[in-house]
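Q: Just so you know, we're using the working numbering here: the sequence shown kicks off at 202 and counts up by one.
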Amino acid sequence: MQHMGKAELIRRYIVFLLGISIGALGVTLVTRSTLGVNSVACASYVTSVYFPVTMGQVTIAFNLFMMFSLLLIMTKEERRKGWVNVLMQIPTFVVFGLLVDFFMFLTRDFHPENMNYLACLLTLCVGVVIIAINIGMQFIGNVAKLSCDAFVIALAQKINIKMGWVKLVYDVILVLIAAVMSLVCSDFTEIVGIREGTLVGAFCVGPMVQVVLPFLGFFQRWILRAQKEPSASDHVAVDSRLTEASATDPVADANTAQSESPETVTTTTDVAVSAATEAPAVAPVVETVRK
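So, in structure tokens, the structure goes:
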């Protein structure tokens, strides 16, 4: 990623954190729909059903495992250069896991299955849309990734296969693992967490991202505005050049005093023109201050 200013970096992290917060809500709604959990959360959900752990705790543990898996497929040189970015995934998936538990707690009394199938389907669709918004905001923020996503991207680059295919195989493997876990834990009597909603999530989230992304353009514009705003270092550099010019030419000093007053814009322009004629070396600095 190219070098960015402090203001831009802060805005990117705000968008990213807002995105994963929304994503945790989306995962919660898909789970509450009882029509099946999305592929990445399948194993976490099954584990939380049969063992005394929360879905968020398993999500954190799963992403920690994927982070170590990512380190294993990285070369020594890649680890040396990218270890900071890998470690930055830890607070990301910890926050995400805690938010999943938080939203699961908030929605503990929400049971659309007690209403009708349409209520379950509506809850599922809202969850899918929210997950798509989360992915779009993470894409716009572009500062960090959940370890499970970072692993898929790195693996696709490593084996030189399109990420879409790698992601599909990855999701299928996770669903199969969840199904086997569910069968084993239930003595082969049931499969929990895998239903039509799992397929909807697998095939609809990607296209939905393309639908919602144009509506998230204001986040991108908000970030880009930070690139156009002058930073404190820019002001210091201008002030430094102006001080040097004032010390060597009284015309620049006079222009500085006038530019501080909004009533003397016309006079400042005249002085700038005069300075350009009488002291060419100072003119660029004066013109900068005038603007």
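For every residue, glycine included, the Cβ atom is placed at its ideal position computed from N, Cα and C. Please read these numbers as outputs of a predicted model, since none were measured by experiment.
(1) Would you mind sorting Y371 into buried or exposed? The rule is 16 or more other CB atoms within 10 Å of its CB.
(2) Which residue wins for smallest C-alpha separation from F217, given the options G402, V401, Q339 and D350?
(3) Buried or exposed, going by whether 16 or more other CB atoms sit within 10 Å of the CB of K368?
(4) Can you have a look at Q428 and say buried or exposed, based on whether 16 or more other CB atoms are within 10 angstroms of its CB?
(5) Applying the criterion that 16 or more other CB atoms from any shown protein chain within 10 Å of the CB defines a buried residue, is N239 buried or exposed?
(6) Going along the chain, which residues of its own chain have a beta-carbon closer than 6 Å to the beta-carbon of A403, five neighbours each way excluded?
(7) Could you pull out every unbroken alpha helix (DSSP H) segment of at least 4 residues lying fully inside the region 289-319, listed in chain order?
(8) Between I221 and the rest of its own chain, which residues show a CB-CB distance below 6 Å, the 5 nearest in sequence each way excluded?
(9) Flag this pair as yes or no: are the beta carbons of L230 and T293 separated by less than 8 Å?
(10) Measuring CB to CB, does A379 end up less than 8 Å from V247?
(11) Just to confirm, is the Cβ distance from V376 to T390 under 8 Å?
(12) Please report the distance separating the alpha-carbon of G394 from that of T232.
(13) Which class does E279 belong to by DSSP, given the choice of helix, strand or coil?
(14) Counting Cβ pairs, one atom from each stretch, are 3 or more of them under 8 Å apart for the region 271-279 and the region 250-260?
(15) If you draw a straight line from the alpha carbon of A438 to that of Y214, how long is it in whole angstroms?
(16) For a quick check, are the C-beta atoms of A225 and V327 less than 8 Å apart?
(17) With the cut-off set at 8 Å, would you say L322 and L236 are in Cβ contact?
(18) Cβ of F352 within 7 Å of any heavy atom in the ligand SAM?
(19) Give the C-beta separation of V413 and G337 to the nearest angstrom, bearing in mind that I take them to be a contact with Cβ-Cβ under 8 Å.
(20) What would DSSP say about F389, mapped onto helix, strand or coil?
(21) So, is N335 buried or exposed, given that buried needs 16 or more other C-beta atoms within 10 angstroms?
(22) For the alpha helix (DSSP H) holding I362, just list the boundary residues, first then last.
(23) Based on Cα-Cα distance, which residue from I392, N361, F420 and C386 lies nearest to F252?
(24) Identify whether M267 lies in helix, strand or coil by the three-state DSSP scheme.
(25) Buried or exposed, going by whether 16 or more other CB atoms sit within 10 Å of the CB of F304?
(26) Provide the residue span of the alpha helix (DSSP H) that contains M205, from first to last.
(27) Using the beta-carbon count (16 or more within 10 Å), is S462 buried or exposed?
(28) Any idea what DSSP makes of S222, helix, strand or coil?
(29) What's the gap between the Cα of F263 and the Cα of R426?
(30) Under DSSP, the alpha helix (DSSP H) around T399 begins and ends at which residues?
(31) Within the same chain, show all residues whose beta-carbon is closer than 6 Å to that of V344, passing over the 5 residues directly before and after it, in chain order.
A: With the structure as the only source:
(1) Classification of Y371: buried, given that the 10 Å Cβ count is 16 or more.
(2) Q339
(3) buried
(4) exposed
(5) The residue in question, N239, is buried, as its Cβ has 16 or more Cβ neighbours within 10 Å.
(6) A distance below 6 Å between beta-carbons, with the five flanking residues on each side excluded, links A403 to the following residues of its chain, in chain order: S240 and D372.
(7) 290-307
(8) Take I221, set aside five residues on each side of it, and the residues of its chain with a beta-carbon closer than 6 Å to its own are F297, in chain order.
(9) no
(10) yes
(11) A distance of 8 Å or more separates the beta carbons of V376 and T390.
(12) 8 Å
(13) E279: helix per DSSP, three-state reduction.
(14) no
(15) Since pLDDT at A438 reaches only 49, below the 50 mark, its modelled position is unreliable, and the value read off the structure follows with that caveat. Cα to Cα, the separation comes out at about 27 Å.
(16) no
(17) Yes, the Cβ-Cβ distance between L322 and L236 is below 8 Å.
(18) Among the ligands in the structure shown, none appear at all, so the ligand SAM cannot be discussed.
(19) Correct: roughly 5 Å between the Cβ atoms.
(20) coil
(21) buried
(22) Premise fails: I362 is in no alpha helix (DSSP H) and is neither H nor E.
(23) C386
(24) helix
(25) buried
(26) From DSSP, M205 is part of no alpha helix (DSSP H); its letter is neither H nor E.
(27) Confidence is the limiting factor: at S462 the pLDDT is only 44, short of 50, which leaves the residue's position unreliable, though a coordinate-based value still follows. With fewer than 16 other Cβ atoms within 10 Å, it is exposed.
(28) helix
(29) 37 Å
(30) DSSP places T399 inside the alpha helix (DSSP H), whose first and last residues are E397 to V413.
(31) For V344, where only same-chain residues beyond five positions count, the Cβ hits under 6 Å are R213, Y214 and F217.
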